[in-house]
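Before any comments, here is the structure.
Residue numbers (UniProt numbering): 1 to 1272.
Next comes the structure, spelled out in structure tokens:
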């Protein structure tokens, strides 16, 4: 029983020990002390499942914390990796079975074999990396599966393999590891006297520091040329600079991330202890081994042979000792850290809360430095500025500088709140602690009572009142309760009275000597009980309806009234109903028409717009329908006035019982208009005057605009062909604009061939929505001109173009009469051939004069046939989806039978999916074939539950996952290889999504070779499977993703309500009978993803700014959506709407609306490019240098919105965007890249991916086309 109590006490104490302690910038009550948090001092293995302080370790070589505060220990002598859980204090083994060998890749890490592991690190995704030192390898534990693999080193001690796969390279006792933000792995290659780096995207290894000589040298030059003596530990600071503990050189070196230059920041090379209190560069270090850099830039060093932990102040450069007295022994726990004894410490770490941990290697313990610091309040988040009414909560979030433990057994802590209005007496209420124990942020709440009020802003106390409760940190330190950083409370009001509201009451018409029915209405007030509201009613016509003839009834929010006019009286009365809370009042009016049944007078039965309507379009005419036929009597008695009492002009027409008022489009947006029809305005056929009527309405934009101006539209104008020295007929067209009067639209027209049709030879006529134009070419001129007609509302413009062909009648030339596709068609299938029909029979003359180019100015290859007057161009199915193509038939391409050359013709069209997919890129349903061909022969996947359809005419296969529960299918490498050889695309589709893998997207040969090396056996293509998946994520997961995506202005992305899909592509591995899956990190050729948006109600402005997005998780767990661009298409026949984009890796994908999006397309070796689909010509072309895509920096950076500055004196380029700056120097390498900025053809070229990704742009490489797609 006593043992159990002791064990529970040990766990409790360890939890206290492991707790958060921040000790930067706050006063302490005593000198920092040291304690042991893991290891009992006995060299051995044991204690898993119990408190870490009771466990046995054997030479723990380092200690590393993850983002949750858990500790990872390379237990070197036990050939294991141990973990201490920060929540429970329990120790466990997460890798290694204790056997001093190599083995276990592909299986669980706990069953693997390690050989003297020297270091461990954790990336932002929770994957764990191990320096398996004497196996000469770096291993990785997958965070999700717990399986271990080798990512670097072939097991042979030596140096080699740079530029190739890291798994094939040689390492020699790798001791230190560091992981950068992008997942790049840095390795301290101890015996090779070098620092190596593995690019985890490509798997390629390179050397970034050290020439292999175990000496000291090279400061001030490139790190790769420097001499480094047995590097043991490495770490990266928050900016990406690399720090090296040079054990044999007794120094700390630093590599600048921007320049790649190496320097010394500590140690003069003498293997001694000295220099505390002075500059670190003048100090002496003795075998510095472990190293850690905190967020402030302070550097912590485990000086192995000095038995001390040293610290360099990141601001001053001063070095001091923070633990160890220099005696190599064990002692000093619970006392000052500087008086304690350590024995060959080889590791040091500082977690995100500032706790310092020491790997006390030869004492077989992990030690921790604790300071007696009282936690303080860093800031207080106050309620948002608004009026808080009875029953609502005032909520205050108190943010401490560390995690807090709250005990309310003795009483609940609170914050005093003072309510005071003007000079009235103050009232104090209390916001009590509600939640947050165990976190940094504590919530305090107060529920507003009915007798609370503050009209000029509340105030809160200066301190938290403990009230018998306690507020402590995890180390048991009482908090300082002063409230710091309190937000403004000047505009936080309590129970400020607001005006009541009343619902609409419709106009009424009754016969004389009758009574209205009960007319119901509702009253509301957010600050006053509806039972305390008073309602009254009055009439403006006491001779018809005295006030006391209006009867009121009801209570609370539901009221009603009834009106009884005087006997034998008729006419109109305006009834005003008033609701008051005795401070504020609100009125509602309606008109009561009482009809003279002896002499029936015409009265208004209905109006358009109706009374009080608030969404009236500005081009509306007013329609009044009377009780009988009418004729005009004195229309001056009818008035229309706006909110400013301006009298509106109108014209009128009468048709039987209807009076129409035409306001000549003079209504203004957001204005209220009042129409008053006085008695005697009109009369019936027996001269009875009308009854008076009055109503109001308010204008907005027309319903379909949602209140925003949108571009006008213009109808099509067909191509025209006329003889020379003639004029076209009048060509009619229409213009429309739902937000601007058609009478306010301006129309202009221009010609692209001024020598044939000058702009002033285009005559425009018409007005409003009906316009027309006529074109008169110059005398004796012939050829073609493209006429552009532009309509503008002075904010947005829209163009329509048509081609005018002017025929030389002296020598009749053949000209193009029609084309298929037609000009500007946007729904062209990618397997379309082009057909041009000429005015007469033709024969080929010089077909080189006919060109077809895509949006990137790439020239398309074609074959042609001529049949009488028809020229057919076969593009060999080379059209690409979502691309615009321009066909130009220059003069002299063909001729007629008397050798007359053709007239020039030019037209463009845009492609979508081929017609056989429904014309709109099918993304769902149960299609089993991509062609619809007969007699399909089906292939089953390896599990036999998903059909892979492949037709006998050898078209691309389609994998339909809509009927599969897991939405996954396996495809063998053999099938993938066959598809590549046949140049076929593999299509995977599920409900709402389609994914198209290009023939070389998945590299079957490389996958097979890599697996053979890893598994050390030969494989055939049939035995290796790739699992492809595509499914919609569930609603709860989608909600969580969007919640963490920080959408809105900060990211410039907005949700449109579409689905999110999980796309996967994994390689299946089998070893020792155990199957595992490993993600394909990168596709050689980007894949096309098409998402169905048919169920969304998208506006035109939404469509113009749609983009595909990939959701990436950062180290804090937030989701960052990456813009990918893309193309939208809508099939007018079926109404289906789809969006297609490309990606070179798999994750979660969806479609969003971007506030701004930039698309840049570049092609290697070509000066033509496109920016947002606009063709641009640069004076130099992108190039590939050392397998790096190099681009002219100014062109790319400035089109991304950056500012580029060239400094001639230093040959430096400075690029600035969004508050971030990049400094690049000509011919000076960039960290992690082997190709520096350079000058070609008097232009500065830089590595594309380095610049774009540093500024948050996404880059995709299309290998087949040698093209780059940049999206920001």
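Here a beta-carbon is modelled for each residue, glycine too, at the ideal position from N, C-alpha and C.
Keep in mind it's a predicted model, so treat the numbers as computed, not measured.
- By the Cβ-count criterion, residue 1057 is exposed, with fewer than 16 other Cβ atoms from all chains shown falling within 10 Å of its own Cβ.
- The way I'd put it, the stretch 769-789 does touch the stretch 727-744; three or more beta-carbon pairs between them come closer than 8 Å.
- Around the beta carbon of residue 494, a 10 Å sphere encloses 16 or more other beta carbons of the protein chains shown; the residue is thus reported as buried.
- The three-state secondary structure of residue 1129, taken from DSSP, is strand.
- Spanning the alpha carbons of residue 204 and residue 446 requires a straight line of approximately 59 Å.
- Collapsing the DSSP output to three states places residue 1024 in coil.
- Sixteen is the threshold: since fewer than 16 other Cβ atoms of the shown chains lie within 10 Å of the Cβ of residue 542, the residue is exposed.
- Contiguous beta strand (DSSP E) elements confined to the UniProt domain "SbsA Ig-like" (812-911) occur at 816-820, 825-828, 834-838, 850-853, 863-867, 870-874, 884-889, 905-911, taking only those with 3 or more residues.
- Taking all protein chains shown into account, residue 1206 has fewer than 16 neighbouring C-beta atoms within 10 Å of its C-beta and is therefore exposed.
- Per DSSP, the continuous alpha helix (DSSP H) segment holding residue 1199 begins and ends at 1193-1199.
- Looking at the DSSP output, residue 1123 sits in a beta bridge with 1109.
- The beta-bridge partner set that DSSP reports for residue 765 consists of 772.
- In the three-state reduction of the DSSP assignment, residue 283 falls in the coil class.
- Residue 167 is positioned such that its CB atom lies no closer than 8 Å to that of residue 183.
- For a cut-off of 8 Å, the C-beta gap from residue 526 to residue 535 is around 17 Å, too long to register as a contact.
- In this structure the stretch 369-389 does not touch the stretch 52-64; the number of beta carbon pairs closer than 8 Å is below three.
- Under the three-state reduction of DSSP, residue 640 is assigned to strand.
- Between the stretch 41-55 and the stretch 74-91, the count of Cβ pairs shorter than 8 Å is three or higher; the stretches touch.
- Residue environment for residue 818: exposed (fewer than 16 other C-beta atoms within 10 angstroms of its C-beta).
- Taking C-beta atoms as the reference points, residue 262 and residue 331 fail to come closer than 8 Å.
- By a beta-carbon distance limit of 8 Å, residue 1260 does not contact residue 999. Their separation comes to about 17 Å.
- Nearest Cα to residue 690 within the set 629, 556, 1150, 41: 629.
- Within the same chain, 157, 172, 173, 230 come within 8 Å of residue 191 by CB-CB distance, once the 5 residues on both sides are set aside.
- Taking C-beta atoms under 8 Å as the contact rule, residue 1140 and residue 1088 qualify, at a distance of about 6 Å.
- Nearest to residue 849 by C-alpha distance, out of 884, 878, 895, is 895.
- Between the alpha carbons of residue 1247 and residue 1159 lies a gap of roughly 18 Å.
- Judged by DSSP in its simplified three-state form, residue 778 adopts coil rather than helix or strand.
- Taken through DSSP and simplified to helix, strand or coil, residue 548 comes out as helix.
- In the DSSP assignment, residue 1152 falls within the unbroken beta strand (DSSP E) covering 1148-1154.
- Per the coordinates, the alpha-carbon of residue 141 lies some 32 Å from the alpha-carbon of residue 1059.
- Taken in chain order, the stretch 336-381 contains no complete alpha helix (DSSP H) segment of 4 residues or longer.
- Under the three-state reduction of DSSP, residue 526 is assigned to coil, being neither helix nor strand.
- Under the three-pair Cβ rule at 8 Å, the stretch 31-48 counts as touching the stretch 346-364.
- For residue 253 and residue 1137, the gap between their C-alpha atoms comes out near 58 Å.
- Per DSSP, the continuous beta strand (DSSP E) segment holding residue 394 begins and ends at 393-400.
- Nearest in C-alpha terms to residue 867, of all of 720, 857, 842, 859, is 842.
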